[in-house]
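S.K.: Structure provided below as structure tokens; questions to follow.
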Amino acid sequence: MAENKTYIQSYCTIQNNEIILNGASVFKTEPTSFADFSKQAYRNFEVNYPKFFKMDSLSKLAFLGAELLLKSETESGIDNNTALLLANKSSSLDTDVKYQESISDKENYYPSPAVFVYTLPNICLGEISIRHQLKSENSFFIFDAFNPEFMTSYANTLLHTNKAETVLCGWVEFFNEEYKAFLCLIGKEENQEYQNETIETLYNK
0 MAENKTYIQS YCTIQNNEII LNGASVFKTE PTSFADFSKQ AYRNFEVNYP
50 KFFKMDSLSK LAFLGAELLL KSETESGIDN NTALLLANKS SSLDTDVKYQ
100 ESISDKENYY PSPAVFVYTL PNICLGEISI RHQLKSENSF FIFDAFNPEF
150 MTSYANTLLH TNKAETVLCG WVEFFNEEYK AFLCLIGKEE NQEYQNETIE
200 TLYNK
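Residue 67 in numbering that gives the first Met the number 0 sits at position 68 of the sequence shown, with consecutive numbering throughout.
Written out as structure tokens, the structure is:
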């Protein structure tokens, strides 16, 4: 039935030192570390959120994608009822490994709070929620690979049970400098631009 349809509103992909927003490259650097790339992106988009520099790489990756997709909603001042639905494969393993290394050397034992404070994937959700003043539902799942069928089904349920007006869903994976973020904003408002697209086709572009 028509009332049960959902539509892709916008999407963002971050990988290989490049950010693509709705199919167009909006930021790109020469090959560099993710730390450097994320810092350049933060400054390029004139983000004003000092806590960004204290985040781990996974949180920065999710934060940047959400910033581009949700910025207009935040600036409008409208109560933004957007649910968050993210997933990855490694959980927070990249940060966990760094923390383990910091406590393994008995002679240089220093478990830095800057590392272990951000060891849970839900920190991504928390930072995005704080930044965009979201009070809606949020979940972070662990899958072997991106699961578009699950994401689509879950998003549709949230939208059609009126638990959210829009859903920001996608894949945010970071491990050993290998990273990819694919975030997609889904809603009930018809969008002609992506009528023939699905989360899966956009993810694989």
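The beta-carbon is built from N, C-alpha and C at its ideal position, and this holds for glycine as well.
Going by DSSP, what residues sit across from Y6 in a beta bridge?
M.R.: G186
S.K.: Curious, which full-length alpha helix (DSSP H) runs of at least 4 residues does the segment 8-63 contain?
M.R.: 33-43
S.K.: One question on the structure: do L84 and C168 come within less than 8 Å of each other, judged by their Cβ atoms?
M.R.: yes
S.K.: If I measure Cβ to Cβ from S157 and keep anything under 6 Å in the same chain, skipping five residues before and after, which residues do I get?
M.R.: In the sequence under discussion, the amino acid at residue 157 is Leu, which differs from the Ser named in the question. Closer than 6 Å at Cβ, skipping near neighbours: A82, A163, V166.
S.K.: If we ignore side chains and look at the alpha-carbon of each, how far apart do Y117 and I129 end up?
M.R.: Its pLDDT being 47, under 50, Y117 is placed unreliably by the model, and nothing is read from it.
S.K.: How many Å lie between E176 and E188 at the Cα?
M.R.: 37 Å
S.K.: Considering only residues of the same chain and omitting the five flanking positions on each side of S58, which have a CB-CB separation below 8 Å?
M.R.: So the qualifying residues of the chain are Y117, I122, C123, E126.
S.K.: Would you call S152 buried or exposed, if buried means 16 or more other Cβ atoms sit within 10 Å of its Cβ?
M.R.: exposed
S.K.: Alpha helix (DSSP H) containing A163: first to last residue?
M.R.: No alpha helix (DSSP H) holds A163; DSSP gives it neither H nor E.
S.K.: My output table needs one value for E192: the three-state DSSP class, helix, strand or coil.
M.R.: For E192, the three-state secondary structure derived from DSSP is helix.
S.K.: Look up N121 in the DSSP assignment and say whether it is helix, strand or coil.
M.R.: helix
S.K.: What span of residues does the beta strand (DSSP E) with L85 cover, start to end?
M.R.: 81-87
S.K.: Could you name the residues that DSSP lists as bridge partners for N137?
M.R.: L83
S.K.: Could you check what DSSP says for E177 in three-state terms: helix, strand or coil?
M.R.: Of the three classes helix, strand and coil, the one that applies to E177 here is strand, per DSSP.
S.K.: For the pair the segment 2-9 and the segment 188-198, tell me if three or more CB-CB distances fall below 8 Å.
M.R.: Inter-segment contact for the segment 2-9 and the segment 188-198 is present: three or more beta-carbon pairs are separated by less than 8 Å.
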